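Peer 1: There's a structure below that I have some questions on.
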Amino acid sequence: MSLDSPALAPNRGCRDTPVLKERGQREVFCGLTGIIWLHRKMQDAFFLVVGSRTCAHLLQSAAGVMIFAEPRFGTAILEEKDLAGLADANTELDREVARLLTRRPDIKQLFLVGSCPSEVIKLDLARAAERLSGLHAPHVRVYNYSGSGIETTFTQGEDACLAAMVPTLASTTAREVLIIGALPDVVEDQCLSLLAQLGIGPVRMLPARRAADLPAVGPQTVFALVQPFLGDTHAALIRRGARHLPAAFPFGEEGTTLWLWALAQEFGISRDHFDAVTAAPRARARKAVAAHAETLNGKSVFFFPDSQLEIPLARFLARECGMTPLEVGTPFLHAAITGPDLDLLPEGPVISEGQDVDRQLDRQHEARPDLTICGLGLANPLEAQGHTTKWAIELVFTPVHFYEQAGDLAALFSRPLRRKALLTAPIACSQISRGPGQSPGGQP
Amino acid sequence: MKLTLWTYEGPPHVGAMRVATGMTGLHYVLHAPQGDTYADLLFTMIERRNHRPPVTYTTFQARDLGADTANLFKDAARDAYTRFKPQAMIVGASCTAELIQDDPGGLAGALDLPCPVIPLDLPSYQRKENFGADETFHQLCRALARPMPRTEAITCNILGATALGFRHRDDVAEVTKLLGLMGITVNVAAPLGSTPADIARMGQAHFNVLLYPETGEGAARWLEKTCGQPYTKVVPLGVGATRDFLHEVASLTGLSPKVDESALRLPWWSASVDSTYLTGKRVFLFGDATHVIAAARIAATEIGFEVVGMGCYNREFARPMRAAAKAYGLEALITDDYLEVEDAIAAAAPELILGTQQERHIGKRLGIPCAVISSPVHVQDFPARYSPQMGFEGANVIFDTWIHPLVMGLEEHLLTMFREDFEFHSDAGPSHHGGKADLREVSDEAPLASVAGGALPPGFASPRDISEQIMAEATVSPSGEPVWLPAAERELKKIPFFVRGKAKRNTEGYAREKGVAEISVETLYEAKAHYAR
Chain U
87 MSLDSPALAP
97 NRGCRDTPVL
107 KERGQREVFC
117 GLTGIIWLHR
127 KMQDAFFLVV
137 GSRTCAHLLQ
147 SAAGVMIFAE
157 PRFGTAILEE
167 KDLAGLADAN
177 TELDREVARL
187 LTRRPDIKQL
197 FLVGSCPSEV
207 IKLDLARAAE
217 RLSGLHAPHV
227 RVYNYSGSGI
237 ETTFTQGEDA
247 CLAAMVPTLA
257 STTAREVLII
267 GALPDVVEDQ
277 CLSLLAQLGI
287 GPVRMLPARR
297 AADLPAVGPQ
307 TVFALVQPFL
317 GDTHAALIRR
327 GARHLPAAFP
337 FGEEGTTLWL
347 WALAQEFGIS
357 RDHFDAVTAA
367 PRARARKAVA
377 AHAETLNGKS
387 VFFFPDSQLE
397 IPLARFLARE
407 CGMTPLEVGT
417 PFLHAAITGP
427 DLDLLPEGPV
437 ISEGQDVDRQ
447 LDRQHEARPD
457 LTICGLGLAN
467 PLEAQGHTTK
477 WAIELVFTPV
487 HFYEQAGDLA
497 ALFSRPLRRK
507 ALLTAPIACS
517 QISRGPGQSP
527 GGQP
Chain W
1017 MKLTLWTYEG
1027 PPHVGAMRVA
1037 TGMTGLHYVL
1047 HAPQGDTYAD
1057 LLFTMIERRN
1067 HRPPVTYTTF
1077 QARDLGADTA
1087 NLFKDAARDA
1097 YTRFKPQAMI
1107 VGASCTAELI
1117 QDDPGGLAGA
1127 LDLPCPVIPL
1137 DLPSYQRKEN
1147 FGADETFHQL
1157 CRALARPMPR
1167 TEAITCNILG
1177 ATALGFRHRD
1187 DVAEVTKLLG
1197 LMGITVNVAA
1207 PLGSTPADIA
1217 RMGQAHFNVL
1227 LYPETGEGAA
1237 RWLEKTCGQP
1247 YTKVVPLGVG
1257 ATRDFLHEVA
1267 SLTGLSPKVD
1277 ESALRLPWWS
1287 ASVDSTYLTG
1297 KRVFLFGDAT
1307 HVIAAARIAA
1317 TEIGFEVVGM
1327 GCYNREFARP
1337 MRAAAKAYGL
1347 EALITDDYLE
1357 VEDAIAAAAP
1367 ELILGTQQER
1377 HIGKRLGIPC
1387 AVISSPVHVQ
1397 DFPARYSPQM
1407 GFEGANVIFD
1417 TWIHPLVMGL
1427 EEHLLTMFRE
1437 DFEFHSDAGP
1447 SHHGGKADLR
1457 EVSDEAPLAS
1467 VAGGALPPGF
1477 ASPRDISEQI
1487 MAEATVSPSG
1497 EPVWLPAAER
1507 ELKKIPFFVR
1517 GKAKRNTEGY
1527 AREKGVAEIS
1537 VETLYEAKAH
1547 YAR
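Below, the structure is given as structure tokens:
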């Protein structure tokens, strides 16, 4: 693969493909879900959702069995009396926060997370965060952001969280690289090691593992995104004078190489040195992907919208695994951020933004893809109809970035197809779905 | 405002979904923001349902709030009817939609849809999931069921089973079979497995069998009042309760309660010699009130356990729960805060926990075996095989399920004989469970921190006896509590782990009573003699 020649792009990419915009029932999580990985990443942070029993139930359902002895997230459940008087709700909130911080002296960052009910009753969490910051400074910094379903979709919760931190970062005139987006520690370490070997730095991360490691930002700062869903954070950093280095996202061998090369160019790293550093991991990644590409090659794939990772992942599956995307649905299409991936994604698939789930199921049914990427609510009903599915949420919860995970990423897609080939016992008639959500007609 | 890290019950609209998803031909239009669709995965993933819950979410966004969420609801309801053609629809609001007060019932009524539309009023900021299910089923009956002539043969309805219920699928089948043995046919079992048309003909049954008071009592009471159908009060969980249930049904129908019991094995399994080792084992029970009350009776009178703590998370049933606990000389724990439950379990130091998915986690953290007896449960408690809890087969299943986490009787016997030698010791764990048994270093004292089970996430205690942890704490807390001398502590470790907690408690109690500040080996054996029966 050649890095700097336009020949690597297909004749036409999807940058100019008209987007099918839909609105209706969305089968996606709200932004609160991001707390599940954010609280593991920021080890001295607590996420306090101000919401309803539904919010608490969502978090425990999405987190599955992940109940820690004392998790660093919780829901302050609004009750009847909180709805009656907002002044009282603020007093109650102050009391709950004080109690929490007394019990958990290790907490240095507290996020007040807004929810649908708190937004609707207009509970001013920004002001509450200011007030509480004043009360608990300098030991604890209190932030606020909204993870509500009326404003955020799934991974947008992380974006809202990071965007809320940007204005509070210290100012600097140093020339530094910021890597933006939560990565599992093992992947973060690989990323930092690659950048160090290339001679790029100093490198700082947002989010940082601890409050004390938070980066500074200023006009000499350049930043690279490792997740495509960070549109607001991107804008907030630009407002602070930082400059974005656009690139394809570091999924697969090609994506990782292009992402690193964008940084290398910025820092004047020579091609020879770049090749010397990346040749071995690139070869490993290609080899690991090839093992799964055998299963994936020539198969079609259909993406329901979920995490905003869809465009870069479709690019990876199309270009490195030989798959044919039929529809690539994404909750929100940020053309400026996913542009480099759209350029590489071969022309052909429907690009859709938003969702009307029943209509999209009709299209999926019509398209009969070999593999369907969808949320947990749809996966079993589609399997029961004979489709092969991959749960999208695993793509967010599994380490999939950079060279050493390229094979694991491909494996996530090939396993359902391998399983399909292995299971030969037919499903009993009673277990075959009548169709998603469909009920027999007739009047009582 | 109350800080919650985990809840036993979801919001009430999830209860309504449990009713709708258990039925066919019913569609639920839920006024709700994006994100509330998470509830679908409870049914499709945890219960492995092969179809989407029949729920349409209006999915309003922030920008709709200033505009017209009411029209959004009307469009969603109209589209849902056109696409799914249900026999009947239920309409309602989730917690956020409740705040914007669009009146889904009124809006849907104005649409004049060609099917019955039943509005639900489920107060999200006051009530919870079980109430939501009970109220939804109640409203369905009010809207659809009518008094009508009885069937010629004696029939009954079975009330209360829903989607996502703990073993509801198999309980309904088992109770149907049981009633069949008495010569009774089931007219309608609902909500699970029924249609709105079935609910409309519930009035022709002679009486109702209420299996799950938590989710069916509202309907049972209404049917009693309106259709003159008496309903059963005994829930057939356990041998004694099943026999009582048969007698209750006999008194309602005039039929004989004598049925073939040849498939019932629990009484003999409890009476057989191996089960001697179950006698007096200390159990702690927590879950929904109906299951806990029934389980306590089974534990105490059908297996011979000692009930050392019990409670429920559903406050609505606090009164019967307290009465039941009193019969065992206990104060019932009524709470929906799992941290309180964990504290109560740690304090009672039982040898077995019978609880929900949460108590399974608590058991893991405390190193106490646990069997699941009540909702909420996770994917592993929706088994592929037939495994009811109710009726005679249910009793057999319960015996197996509760005994499985424990060390087998004969194995316990070996552990007692070879007390804490290098192969047979408390860290070895039951032989029928996974996890590697570590051989102890022969000469050394048992290392306190050795991990017997597989790798556990940080923060979890290893799955082993907690008495050592409690002991470690006891030796460092000089707050007037007796302190264990090293020799006594070593001696205590020689006592088999499954009675060690009891020995430790008894010895400390004895020491306190006698005013002994330091526990020596002599104190330990004096206490043993003191408590010997």
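Top to bottom, those sequences are chains U and W. Everything in the first sequence is counted per this note's numbering, starting at 87 for the first residue and increasing by one. Everything in the second sequence is counted per this note's numbering, starting at 1017 for the first residue and increasing by one. Positions of the beta carbon are idealized from the N, C-alpha and C atoms, including for glycine. Just so we're clear, the structure is a prediction, and the values are computed from it rather than from any experiment.
Taking the alpha carbon of residue 130 of chain U as the point to measure from, which residue in U:221, U:295, U:265, U:120 has its own alpha carbon closest?
Peer 2: Measuring from the Cα of residue 130 of chain U, the nearest candidate turns out to be U:295.
Peer 1: Below 9 Å between beta carbons: does that hold for residue 239 of chain U and residue 360 of chain U?
Peer 2: No; because the gap between Cβ atoms is not below 9 Å, this pair is not in contact.
Peer 1: Once DSSP output is grouped into helix, strand and coil, what is the label at residue 409 of chain U?
Peer 2: Residue 409 of chain U falls in the coil class under three-state DSSP.
Peer 1: What is the DSSP secondary structure of residue 227 of chain U, reduced to helix, strand or coil?
Peer 2: In the structure shown, residue 227 of chain U sits in a strand (DSSP, three-state: E or B).
Peer 1: Taking three-plus beta-carbon pairs below 8 Å as touching, is the segment 189 to 208 of chain U in contact with the segment 111 to 129 of chain U?
Peer 2: These segments touch.
Peer 1: Hey, would you say the C-beta of residue 370 of chain U is under 8 Å away from at least one heavy atom of the ligand FMN?
Peer 2: The model depicted lacks the ligand FMN and carries no ligand whatsoever.
Peer 1: For a test of the three-state rule: what should DSSP assign to residue 1328 of chain W, helix, strand or coil?
Peer 2: Here residue 1328 of chain W sits in strand by DSSP.
Peer 1: So, at 6 Å on beta carbons, what are the nonlocal neighbours of residue 112 of chain U in its own chain, with the 5 sequence-adjacent residues on each side left out?
Peer 2: Excluding residues within five positions, the ones whose Cβ falls inside 6 Å are 441.
Peer 1: Using 8 Å as the Cβ pair cut-off and three pairs as the minimum, do the segment 269 to 281 of chain U and the segment 483 to 493 of chain U touch?
Peer 2: Yes, they touch.
Peer 1: Hey, quick one: how far does the beta strand (DSSP E) through residue 477 of chain U stretch, first residue to last?
Peer 2: Where residue 477 of chain U is concerned, the enclosing beta strand (DSSP E) stretches over 475 to 477.
Peer 1: If you check the beta carbons only, do residue 256 of chain U and residue 300 of chain U fall under 9 Å apart?
Peer 2: Closer than 9 Å, so yes.
Peer 1: At which residue ranges does the segment 278 to 315 of chain U contain complete beta strand (DSSP E) runs of 3 or more residues, listed in the order of the chain?
Peer 2: Correct list: 289 to 292, 308 to 311.
Peer 1: Are three or more beta carbon pairs between the segment 1167 to 1175 of chain W and the segment 1198 to 1205 of chain W nearer than 8 Å?
Peer 2: Cβ pair count under 8 Å is three or more, so yes.
Peer 1: Consult DSSP for residue 513 of chain U and reduce its assignment to one of helix, strand or coil.
Peer 2: Three-state DSSP puts residue 513 of chain U in coil, outside helix and strand.
Peer 1: Using a beta-carbon distance below 9 Å, is residue 1116 of chain W in contact with chain U?
Peer 2: Judged by the 9 Å Cβ criterion, residue 1116 of chain W is in contact with chain U.
Peer 1: Between residue 481 of chain U and residue 412 of chain U, how many whole angstroms is the CB-CB distance? I'm expecting something under 8 Å.
Peer 2: About 18 Å separates the two Cβ atoms, so there is no contact after all.
Peer 1: Do we get a CB-CB distance below 9 Å when we pair residue 202 of chain U with the residues of chain W?
Peer 2: Chain W contact via Cβ: present.
Peer 1: How big is the Cα-Cα spacing for residue 1541 of chain W and residue 1387 of chain W?
Peer 2: Computed Cα separation, rounded: 33 Å.
Peer 1: Who does residue 1314 of chain W pair with in a DSSP beta bridge?
Peer 2: Partner(s): none; residue 1314 of chain W has no beta bridge.
Peer 1: Thinking C-beta only, is residue 1054 of chain W closer than 9 Å to residue 447 of chain U?
Peer 2: It is not a contact, given that the beta carbons lie outside the stated cut-off.
Peer 1: Where does residue 1489 of chain W fall in DSSP's three states?
Peer 2: Note that residue 1489 of chain W scores a pLDDT of 44, beneath 50, so its modelled location is shaky; the value from the coordinates is reported in the next line. Three-state result, residue 1489 of chain W: helix.
Peer 1: Between U:486, U:391, U:329, U:230, which has its C-alpha nearest residue 262 of chain U's C-alpha?
Peer 2: Of the listed residues, the one whose Cα sits closest to residue 262 of chain U is U:329.
Peer 1: Quick one: is residue 167 of chain U buried, meaning 16 or more other Cβ sit within 10 Å of its Cβ, or exposed?
Peer 2: Result: exposed.
Peer 1: In terms of alpha-carbon separation, which member of U:425, U:363, U:474 lies closest to residue 280 of chain U?
Peer 2: Residue U:363 is the option with its Cα nearest to residue 280 of chain U.
Peer 1: Counting only beta-carbon atoms, is residue 535 of chain U nearer than 9 Å to chain W?
Peer 2: With chain U covering 87 to 530 only, the question about residue 535 of chain U has no answer from this structure.
Peer 1: Confirm, please, whether the CB-CB distance from residue 1045 of chain W to residue 1124 of chain W is below 9 Å.
Peer 2: Yes. Within cutoff.
Peer 1: Do residue 1406 of chain W and residue 1210 of chain W have their C-beta atoms within less than 9 Å of each other?
Peer 2: Result no, Cβ atoms of residue 1406 of chain W and residue 1210 of chain W do not sit closer than 9 Å.
Peer 1: Can you give the beta carbon distance from residue 211 of chain U to residue 204 of chain U, rounded, assuming they're within the 8 Å contact cut?
Peer 2: 7 Å between Cβ atoms; contact.
Peer 1: Is the segment 1060 to 1067 of chain W in contact with the segment 1098 to 1109 of chain W, if contact means three or more CB pairs nearer than 8 Å?
Peer 2: Not touching, per the Cβ criterion.
Peer 1: Does residue 1188 of chain W pass the burial test, meaning 16 or more other C-beta atoms within 10 Å, or should it be called exposed?
Peer 2: Buried is the call here.
Peer 1: Under a three-way DSSP split, which group does residue 1203 of chain W fall into?
Peer 2: The answer is strand: DSSP assigns residue 1203 of chain W an E or B state.
Peer 1: For residue 463 of chain U, report the span of its alpha helix (DSSP H) as first-last.
Peer 2: Residues 462 to 470.
Peer 1: When the cut-off is 9 Å and only beta carbons count, does residue 1488 of chain W lie next to chain U?
Peer 2: Low confidence applies to residue 1488 of chain W: its pLDDT is 43, below 50, so where it sits in the model is not reliable, and the reading given next is rough at best. Not closer than 9 Å to any Cβ of chain U, the Cβ of residue 1488 of chain W fails to qualify, so no.
Peer 1: In three-state terms, what does DSSP make of residue 482 of chain U?
Peer 2: Helix, per DSSP.
Peer 1: According to the neighbour-count rule (16 or more other Cβ atoms, all chains shown, within 10 Å of its Cβ), is residue 1330 of chain W buried or exposed?
Peer 2: Its Cβ being crowded by 16 or more others within 10 Å, residue 1330 of chain W is buried.
Peer 1: Use the C-beta contact count for residue 98 of chain U: other C-beta atoms within 10 angstroms, 16 or more gives buried, fewer gives exposed.
Peer 2: Classification for residue 98 of chain U: exposed.
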